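Step one of this worksheet: look at the structure below.
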RNA sequence: GGAGAGAUGGCUGAGUGGUUUAAAGCGCACGCCUGGAGAGCGUGAGUGGGCUAAUACCCCACCGGGAGUUCGAAUCUCCCUCUCUCCGCCA
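In the numbering used here, the protein residues as written are 1 to 433.
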């Protein structure tokens, strides 16, 4: 959520920043300002009436105490009509306030000034490349073929269980998946200073609203119903990312400044409806309804936000470096930036069997956009309550990392070499047919 | 799922219709005192919103959430959520 005071005081700036996204949100600014003005006018009126009512009620109490019942009754008669006017104005003010809130919940964050202008992913500048594409003296196979030959994934039976877009890891595939999760968690907790969390995989809608997934993108997520009772539908949702529960851990709290920065990492499965997304239903691990991910979350002072953003990016990159994978880092342009983010890096890993780069990590500073929505604050040294910056980054997403790994480390005989970083977890150097 | 109890400020806890601007204690911050600390004494302190140059006054709201009764609700009524105890079921 944007700061209403900023919209009030610098509407031109807000319009310009929103316009840079190219989605037309700047057109809503005038509507917000109108509702904000109405709201304040109505509040002024109704609060004056309430002040009057409070005064008279107190006088009536005093009269009753002095047993001047007739006088008290007279004052009651006078005041009776006040209540109706207050109720009507209160309702009106409440409606305007709710309309303003709903509108603001649907407005995206302002891109940071350092974010390059652009329309789509094609305009994202590459800021760094690590390693290079591995040369092959044979035609690299797709992960689908490798996984089937090595018995790592049973695509057909997964479909039997849950339909298309679900994965059944088997044997060494399941063990490799588990090894990757544990490797990433160990790296971030032991070497990068994160506190591990294991959150609920089902959360209430307030958590999705808190991070910006609701209300605008409510069609993207799985809503859960308890048993056969349709009244319970929508009380809980399957999390689309660990960001949803973990970023909300301290919602509605006022933290002490000394508690910051808070650094969490968490493994969770991620559930996504992927309604309308390209590539759903194609075989393989690239786009699925459920995948594993190790997520990084930081809650930091605003002045530390962007230094921490760079650190988090380095932490995510370290995962791929230790796995020996070639990747590049891109900075998302204004047109490609996510709803809640002010600045985002994507990490794309090279998958030789696909002949393309796959997005395995997205590292964002959402600034105070989410902390405003979830009413998360910290008390600064000077005593005022401020909204911290909230950052999230994948460290990293598993299914695509799995793809890049097997496709990169495949051998001519169809076996896959296990990188040294994972060998302690798997106790083998190679998976063979 | 059944039965019962409960939800008040950082914590404990009083408060069943009107000077309640929510008692008191603990804890906290500052000051006095002290060589220093403690004790003692004094002062102060919540959140959001409105009005503002103001983090100064003043005003409104907030006693789990919502609705209602009333001139007036922490207090009365209804609904919901959550917590605790016991029973049932269950990994």
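Ideal Cβ positions, reconstructed from N, Cα and C, are used throughout, including at glycine. Here the structure is a predicted model, which means the values were calculated and not measured.
Excluding residues up to 5 positions away in sequence, nothing lies with its Cβ nearer than 6 Å to the Cβ of residue 311 in the same chain. Between residue 196 and residue 270, the gap from beta carbon to beta carbon reaches 7 Å or more. Nearest to residue 347 by alpha-carbon distance, out of 216, 358, 35, is 358. Going by beta carbons, residue 407 and residue 353 fall inside the 7 Å limit. Taking all protein chains in view, the Cβ of residue 396 is crowded by 16 or more other Cβ atoms within 10 Å, so the residue is classified as buried. Rounded to the nearest whole angstrom, the C-alpha separation of residue 193 and residue 16 is 38 Å. Separation of the CB atoms of residue 209 and residue 375 is rounded to 11 Å, and the pair is thereby denied contact status at 8 Å.
7 Å or more divides the Cβ of residue 107 from the Cβ of residue 373.
When C-alpha distances from residue 132 are compared across 42, 325, 204, 221, the shortest belongs to 325. A Cβ-Cβ distance of about 6 Å is found for the pair residue 293 and residue 241, placing them in contact under the 8 Å criterion. In terms of CA proximity to residue 227, 236 leads the group 155, 236, 147. The three-state reading of DSSP puts residue 170 in coil, since its state is none of H, G, I, E or B. In this structure, the beta-carbon distance from residue 93 to residue 35 does not fall below 7 Å. In the three-state scheme derived from DSSP, where H, G and I count as helix and E and B as strand, residue 68 is classed as coil. In this structure residue 420 is exposed. Its beta-carbon is surrounded by fewer than 16 other beta-carbon atoms within 10 angstroms. For residue 169, same chain residues with a beta-carbon under 7 Å away, outside a window of 5 residues either side, are 152, 153, 177 in chain order.
Taken through DSSP and simplified to helix, strand or coil, residue 10 comes out as coil. Going by C-alpha positions, residue 257 is about 20 Å away from residue 392.
Using a Cβ distance threshold of 7 Å, residue 127 and residue 331 count as a contacting pair. In this structure, the alpha-carbon of residue 263 lies about 7 Å from that of residue 296.
Checking the DSSP bridge columns, you'll see residue 294 partnered with 267.
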